[in-house]
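These notes are about the structure you will find just below.
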Amino acid sequence: MKLYARDAILDLSYPHVMGVLNVTLDSFFDGGKYYNPDQACAHVEEMINSGATIIDIGGQSTHPSAVSVSVDQELTRVIPIIQSIVKCFDIWISVDTSKPEVMREAARAGVHMINDIYALQLPGALCTAEELGLPICLMHMQGQPYNMQNLPYYDDVLYDVKNFFTKRISHCEEQGIKRSRLLLDPGFGFGKNIIHNYKLLAYLADFHQFNLPLLVGLSRKSMISQILHTNATQCLIGSLACAVIAAIQGAHILRVHDVRETVEALRIVSEVRSARD
């Protein structure tokens, strides 16, 4: 399985580590740390040297208490960073956005893929994604960021999330987006309680029925801190455990804050797989 964007190819025969770069002031784990362009670029270099093969840049925090930002604010945050990364590094760049205007300008600046928590459901997003021709990650979310954790409910979370993807994939294809450009993200922590999250993680391999790349974001999330009775800053080991569980079940891209540690954990997974071949 491979992804194609511009003149670049991403070989998905092994799991990739996507380093998180939040250029926000209020992200739940690293808000404000990389808001300055120089700090952001230094962190990108560190993540690349640690083994990241994709950088995911976000200018809008999406936790329940996050403040919504305007299109202009988001553009001001992400576009200069994207331009700097394109100029300085040879790496796949993802933009974490749901706004069509940001998708378009980020594509002009040189990103390789779009990571959309709304799965192209906001007005204009679907048409824009079709025009740009880049890979797109469709994420499942029940509700909106501000209310998604207000008693989320499913008859069967695994069935319901898969049913959502079936419909979204069909809708994308109807609008002219090739299936080969799509990735799927079950949306851990987005409109799910702790039971829902671990059910999805336990049955992550079931999503291979779509024959599309799986992107998962588990790093430092509350589903881990709740189990460990701690906070996001103390969740490295739990995050690595989740990353390994996801990789063993065939996740293609792991979106993480702790690149070096995750890369090292995945090397062990790779050795175990090789021993079985």
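Residue numbers for the sequence shown follow full-length UniProt numbering, so the first one is 1 and each next one is one higher.
Positions of the beta carbon are idealized from the N, C-alpha and C atoms, including for glycine.
Check, Outcome
"Using alpha carbons as the reference points, say which of Q149, L138, M18, T233 lies closest to H196.", "Q149"
"Reducing DSSP to helix, strand and coil, say where H16 ends up.", "strand"
"Alpha carbon to alpha carbon, what distance is there between V272 and Q234?", "27 Å"
"Can L212 and L184 be called in contact, C-beta distance under 9 Å?", "yes"
"Using DSSP with H/G/I as helix, E/B as strand and the rest coil, what is S98?", "coil"
"Buried or exposed, going by whether 16 or more other CB atoms sit within 10 Å of the CB of A40?", "buried"
"Looking at C-beta atoms only, is the number of pairs between the stretch 202-219 and the stretch 151-169 that lie closer than 8 Å three or more?", "yes"
"With a threshold of 16 other CB atoms inside 10 Å of the CB of H229, please say whether the residue is buried or exposed.", "exposed"
"Evaluate the contact criterion for the stretch 110-125 versus the stretch 94-101: three or more CB pairs, one atom per stretch, below 8 Å.", "yes"
"Which residues bound the beta strand (DSSP E) around V256?", "253-256"
"Over the uninterrupted beta strand (DSSP E) stretch that includes L183, give me the two end residues.", "182-185"
"Suppose contacts are defined by Cβ-Cβ distances below 9 Å. Is I93 in contact with I79 by that definition?", "no"
"Does the stretch 110-120 come close enough to the stretch 132-140 that 3 or more CB-CB pairs lie under 8 Å?", "yes"
"Can you tell me where the beta strand (DSSP E) holding L215 begins and where it ends?", "215-217"
"Please look up how many angstroms separate the CB atoms of A246 and L218, rounded, as I've assumed it's under 8 Å.", "6 Å"
"By the 10 Å Cβ neighbour count, where 16 or more other Cβ atoms means buried, how is D258 classified, buried or exposed?", "buried"
"Assuming G238 is part of the alpha helix (DSSP H), what are its boundary residues?", "236-248"
"Check each candidate in A106, H140, D155 and name the one with the smallest Cα separation from T128.", "A106"
"Please classify I55: is it buried, with 16 or more other beta-carbons within 10 angstroms of its beta-carbon, or exposed?", "buried"
"Check whether the Cβ atoms of P145 and H63 sit closer than 9 Å, and answer yes or no.", "yes"
"Helix, strand or coil for Y118, going by three-state DSSP, please let me know.", "coil"
"Name the one or two DSSP bridge partners that N22 has.", "G58"
"Mind checking which residues open and close the beta strand (DSSP E) that includes D38?", "Taken as a continuous stretch (DSSP letters only), D38 belongs to no beta strand (DSSP E), being part of the alpha helix (DSSP H) at 37-50."
"In terms of residues, what are the limits of the alpha helix (DSSP H) holding L204?", "Neither: L204 is in no alpha helix (DSSP H) and is coded neither H nor E."
"What residues in its chain sit with their C-beta under 8 Å from that of A8, if we drop five residues either side in the sequence?", "W92, H112"
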